[in-house]
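Heads up: the sequence lines are chains A and B, in that order. Under this note's numbering, the letters of the first sequence match residues 4 to 326, in that order. Under this note's numbering, the letters of the second sequence match residues 8 to 84, in that order. Glycine included, C-beta positions come from ideal geometry on N, C-alpha and C. Predicted model, so just to flag it, every value in this text is computed and none were measured. A short worksheet on the structure shown next.
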Amino acid sequence: MVDVFYPLQWIADKLTYEVFKIAPETHLAASVNFIIYDVLKIFILLAIMIFVVSYIRTYVTPEKTRKILGGRTGLQYHLLASMLGVVTPFCSCSSVPLFIGFVESGIPLGVTFSFLITSPLVNEAAVAALWATIGLKVTLIYIVSGIVLGVFGGYVIGLLKMEKYVADFVYKIKVGDQNRDQESLKIKERAAIAFDNVKEIVGKVWIYVIIGVTLGGIFHGYAPEGILAQYAGKDNLLAVPIAVVMGVPLYSNVMGMIPIVESLIEKGLPVGTALAFLMAVTALSLPEMIILKKVLKKELIGAFVLIVTVSIIFTGYLFNILL
Amino acid sequence: MKIEILGTGCPKCKKTKEIIEKVLKQTGVEAEVIKVEDIEKILNYGVMVTPAVAIDGEVKVAGKVPDEKDIRKWITQ
Numbered sequence: 004m005v006d007v008f009y010p011l012q013w014i015a016d017k018l019t020y021e022v023f024k025i026a027p028e029t030h031l032a033a034s035v036n037f038i039i040y041d042v043l044k045i046f047i048l049l050a051i052m053i054f055v056v057s058y059i060r061t062y063v064t065p066e067k068t069r070k071i072l073g074g075r076t077g078l079q080y081h082l083l084a085s086m087l088g089v090v091t092p093f094c095s096c097s098s099v100p101l102f103i104g105f106v107e108s109g110i111p112l113g114v115t116f117s118f119l120i121t122s123p124l125v126n127e128a129a130v131a132a133l134w135a136t137i138g139l140k141v142t143l144i145y146i147v148s149g150i151v152l153g154v155f156g157g158y159v160i161g162l163l164k165m166e167k168y169v170a171d172f173v174y175k176i177k178v179g180d181q182n183r184d185q186e187s188l189k190i191k192e193r194a195a196i197a198f199d200n201v202k203e204i205v206g207k208v209w210i211y212v213i214i215g216v217t218l219g220g221i222f223h224g225y226a227p228e229g230i231l232a233q234y235a236g237k238d239n240l241l242a243v244p245i246a247v248v249m250g251v252p253l254y255s256n257v258m259g260m261i262p263i264v265e266s267l268i269e270k271g272l273p274v275g276t277a278l279a280f281l282m283a284v285t286a287l288s289l290p291e292m293i294i295l296k297k298v299l300k301k302e303l304i305g306a307f308v309l310i311v312t313v314s315i316i317f318t319g320y321l322f323n324i325l326l
Numbered sequence: 008m009k010i011e012i013l014g015t016g017c018p019k020c021k022k023t024k025e026i027i028e029k030v031l032k033q034t035g036v037e038a039e040v041i042k043v044e045d046i047e048k049i050l051n052y053g054v055m056v057t058p059a060v061a062i063d064g065e066v067k068v069a070g071k072v073p074d075e076k077d078i079r080k081w082i083t084q
């Protein structure tokens with residue numbers, strides 16, 4: 004199969020060995036080559052992915068989402084909610100209005116949580132970076148895991164019947180009806196919005212990508228082979244829970260983490276453990292919890308965090324066994 | 008003219024306020040600029056994704072930081 008990214012490797016090689024004249028087979032060469040290749044590949048895939056998903060998103064509005072999901076319960080709605088979560092952005096500042104909007108329109112609490120779990124987890128920037136660094140296969144596993152996690156987590160929360168742990172005022176609010184011209188966007192306008200999104204997101208994350216790739220590159224070039232396998236290999240059963248517990252409070256930008264995790268995997272970190280760590284970083288974040296505290300009582304937030312954490316740990320073990 | 012910026016305080020909402028104030032200064036249009044952070048009020052406008060901008064009670068944009076071009080169009084209409 005033709006490696007469509009070969010031109011990037013060619014550029015990286017040319018710059019490292021001919022322009023910068025670094026001697027091949029040295030640690031420095033390995034690091035620099037890695038950094039150039041990864042930076043190019045990540046930014047290209049970022050731009051493509053963000054554009055495509057943003058374009059699709061112009062067809063999926065919160066209002067439409069409410070109509071599709073409203074009122075009924077059942078596993079298929081959890082799945083639908085999770086899949087909608089994949090294409091919807093989830094800036095934490097929108098989590099409260101979105102949550103209230105969903106609950107108010109009759110979307111069951113569990114289904115709303117399926118959306119809330121998958122949405123930050125499977126975001127197009129992280130997917131692009133994962134694809135660029137760790138590869139398509141693992142990226143697809145990540146996406147599917149994110150959806151399954153959402154469906155499962157939301158379903159369990161639904162079963163627990165924790166509706167009374169939502170702040171009372173949420174059920175009393177009436178969300179107004181907004182008939183904005185989202186329906187009548189022309190292709191050129193959709194493309195413009197998608198392009199704006201690319202600019203906006205790349206503008207926000209580029210520095211983290213550069214830092215993450217640089218750190219990952221240094222590790223790649225200088226760390227001894229198999230060092231992670233020694234300390235965090237598959238037979239170290241504590242590795243997965245520790246990785247997840249480390250990831251949950253980490254609110255660093257996942258875009259910086261991904262290139263570092265790529266290097267860790269190369270040096271022997273099992274893929275399941277790596278996946279679990281990344282999911283822990285993205286699925287739960289302290290700022291999101293602080294904002295959600297406005298609408299959820301602590302029992303519900305606690306249940307949410309616990310269910311997601313345990314599910315991620317399970318996922319980590321599962322993929323360590325399977326992969 | 009009353010311009011309301013709907014948002015719970017994230018950086019995008021601040022950026023929206025900056026852009027609006029900049030365009031107002033450039034065009035010399037007089038307007039009252041209010042930041043609405045109350046969730047109930049935001050939802051009453053039917054807005055679920057912030058930042059959003061409402062002019063004289065009508066929501067003009069929601070879910071993204073508005074373009075300077077668009078703001079200029081709205082306030083000079």
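Proximity to residue i [Cα-Cα], best of the options
| i | options | result |
| --- | --- | --- |
| Val298 of chain A | A:Val106, A:Ile213, A:Leu231, A:Ile210 | A:Val106 |
| Ile10 of chain B | B:Pro18, B:Gly53, B:Thr23, B:Lys19 | B:Thr23 |
| Ile82 of chain B | B:Leu13, B:Gly35, B:Gly16 | B:Gly35 |
| Leu72 of chain A | A:Ala279, A:Pro123, A:Ile261, A:Phe116 | A:Phe116 |
| Phe307 of chain A | A:Val154, A:Asp199, A:Leu321 | A:Val154 |
| Thr15 of chain B | B:Glu28, B:Glu65, B:Lys48 | B:Lys48 |
| Glu10 of chain A | A:Ala33, A:Glu203, A:Ala32, A:Ile47 | It should be pointed out that residue 10 of chain A corresponds to Pro in this sequence rather than to Glu. When each option's Cα is compared against that of Pro10 of chain A, the closest is A:Ile47. |
| His30 of chain A | A:Ala194, A:Glu228, A:Gly113, A:Ser122 | A:Glu228 |
| Glu127 of chain A | A:Ile103, A:Gly157, A:Val89 | A:Val89 |
| Ser288 of chain A | A:Phe172, A:Val251, A:Val178, A:Thr121 | A:Val251 |
| Tyr20 of chain A | A:Val7, A:Leu133, A:Ser34 | A:Ser34 |
| Met52 of chain A | A:Trp134, A:Ser314, A:Leu309 | A:Trp134 |
| Ile160 of chain A | A:Leu112, A:Glu203, A:Gln12 | A:Leu112 |
| Cys20 of chain B | B:Ile46, B:Thr57, B:Asn51 | B:Thr57 |
| Gly220 of chain A | A:Val22, A:Asp41, A:Ser314 | A:Asp41 |
| Met282 of chain A | A:Val311, A:Ile268, A:Leu267, A:Ile304 | A:Val311 |
| Tyr168 of chain A | A:Leu295, A:Ile38, A:Ile25 | A:Leu295 |
| Val386 of chain A | A:Ile230, A:Tyr320, A:Tyr58 | In this structure chain A extends from 4 to 326, so residue 386 of chain A is not present and cannot be described. |
| Phe54 of chain A | A:Met260, A:Ala197, A:Ser266, A:Tyr211 | A:Ala197 |
| Ile120 of chain A | A:Val151, A:Leu139, A:Ser97 | A:Val151 |
| Ala246 of chain A | A:Ile137, A:Leu278, A:Ile103 | A:Leu278 |
| Phe37 of chain A | A:Trp209, A:Ile14, A:Val22, A:Tyr158 | A:Ile14 |
| Lys76 of chain B | B:Leu13, B:Val30, B:Glu25, B:Cys17 | B:Val30 |
| Glu66 of chain A | A:Gly77, A:Leu49, A:Ile110 | A:Ile110 |
| Leu321 of chain A | A:Glu203, A:Val243, A:Ala131 | A:Val243 |
Span of the beta strand (DSSP E) around residue i
| i | result |
| --- | --- |
| Lys42 of chain B | 39 to 43 |
| Lys67 of chain B | 65 to 69 |
| Ala135 of chain B | The structure shown does not extend to residue 135 of chain B, since chain B is modelled only from 8 through 84, so no value can be given for it. |
| Leu13 of chain B | 9 to 13 |
Extent of the continuous alpha helix (DSSP H) to which residue i belongs
| i | result |
| --- | --- |
| Ala195 of chain A | 190 to 225 |
| Lys32 of chain B | 18 to 34 |
| Asn51 of chain B | 46 to 51 |
| Ile336 of chain A | Since the first residue shown for chain A is 4 and the last is 326, residue 336 of chain A is missing from the structure and cannot be characterised. |
| Ala235 of chain A | 230 to 235 |
| Ser122 of chain A | 112 to 124 |
| Leu321 of chain A | 301 to 325 |
| Leu11 of chain A | 9 to 16 |
| Asp171 of chain A | 171 to 175 |
| Val130 of chain A | 127 to 136 |
| Asp77 of chain B | 75 to 83 |
With 16 other Cβ atoms within 10 Å as the buried cut-off, status of residue i
| i | result |
| --- | --- |
| Ser290 of chain A | For the record, residue 290 of chain A in the displayed sequence is Pro; it is not Ser. With fewer than 16 other Cβ atoms within 10 Å, it is exposed. |
| Val56 of chain A | buried |
| Met8 of chain B | exposed |
| Tyr145 of chain A | buried |
| Ser84 of chain A | As written in the sequence, residue 84 of chain A is Ala, which differs from the Ser given in the question. Flag for Ala84 of chain A reads buried. |
| Lys164 of chain A | exposed |
| Arg75 of chain A | exposed |
| Ile324 of chain A | exposed |
| Val5 of chain A | exposed |
| Ile27 of chain B | buried |
| Tyr225 of chain A | exposed |
| Lys44 of chain A | buried |
| Phe172 of chain A | exposed |
| Leu240 of chain A | exposed |
| Pro123 of chain A | buried |
| Ala129 of chain A | buried |
| Glu192 of chain A | exposed |
| Ile293 of chain A | exposed |
| Met249 of chain A | exposed |
So if I threshold CB-CB distances at 8 Å, which residues from the region 12 to 30 of chain B count as touching chain A?
Residues of the region 12 to 30 of chain B whose Cβ lies closer than 8 Å to any Cβ of chain A, in chain order: Gly14, Thr15, Gly16, Cys17, Lys19, Cys20.
Unbroken stretches of the alpha helix (DSSP H), 4 residues or longer, contained in the region 250 to 295 of chain A
Runs of the alpha helix (DSSP H) inside the region 250 to 295 of chain A: 257 to 269, 274 to 286, 289 to 295.
Jot down the residue ranges of each uninterrupted alpha helix (DSSP H) in the region 56 to 94 of chain A, minimum 4 residues, whole runs only, in chain order.
Along the region 56 to 94 of chain A, the alpha helix (DSSP H) occurs as fully enclosed runs of 4 or more residues at 65 to 72, 78 to 90, listed in sequence order.
Using a Cβ-Cβ cutoff of 7 Å, what residues of the region 39 to 60 of chain B are near chain A? List them in chain order.
Within the region 39 to 60 of chain B, the qualifying residues are Ile46, Glu47, Ile49, Leu50, Asn51, Tyr52, Gly53, Val54, Met55, Val56, Thr57.
Contact residues within the region 100 to 115 of chain A, judged by C-beta distance below 7 Å to chain B:
Under the 7 Å Cβ criterion, the region 100 to 115 of chain A contributes Pro100, Leu101, Ile103, Gly104.
Scan the region 54 to 66 of chain A for residues whose Cβ lies nearer than 9 Å to a Cβ of chain E and list them as they occur along the chain.
Protein chains A and B are contained in the structure displayed, whereas chain E is not.
At a CB distance below 7 Å, what residues from the region 128 to 162 of chain A approach chain B? Give them in sequence order.
Result list empty, no residue passes.
Give the residues from the region 215 to 249 of chain A that approach chain B closer than 9 Å (Cβ to any Cβ), ordered along the chain.
Within the region 215 to 249 of chain A, not one residue has a Cβ closer than 9 Å to any Cβ of chain B.
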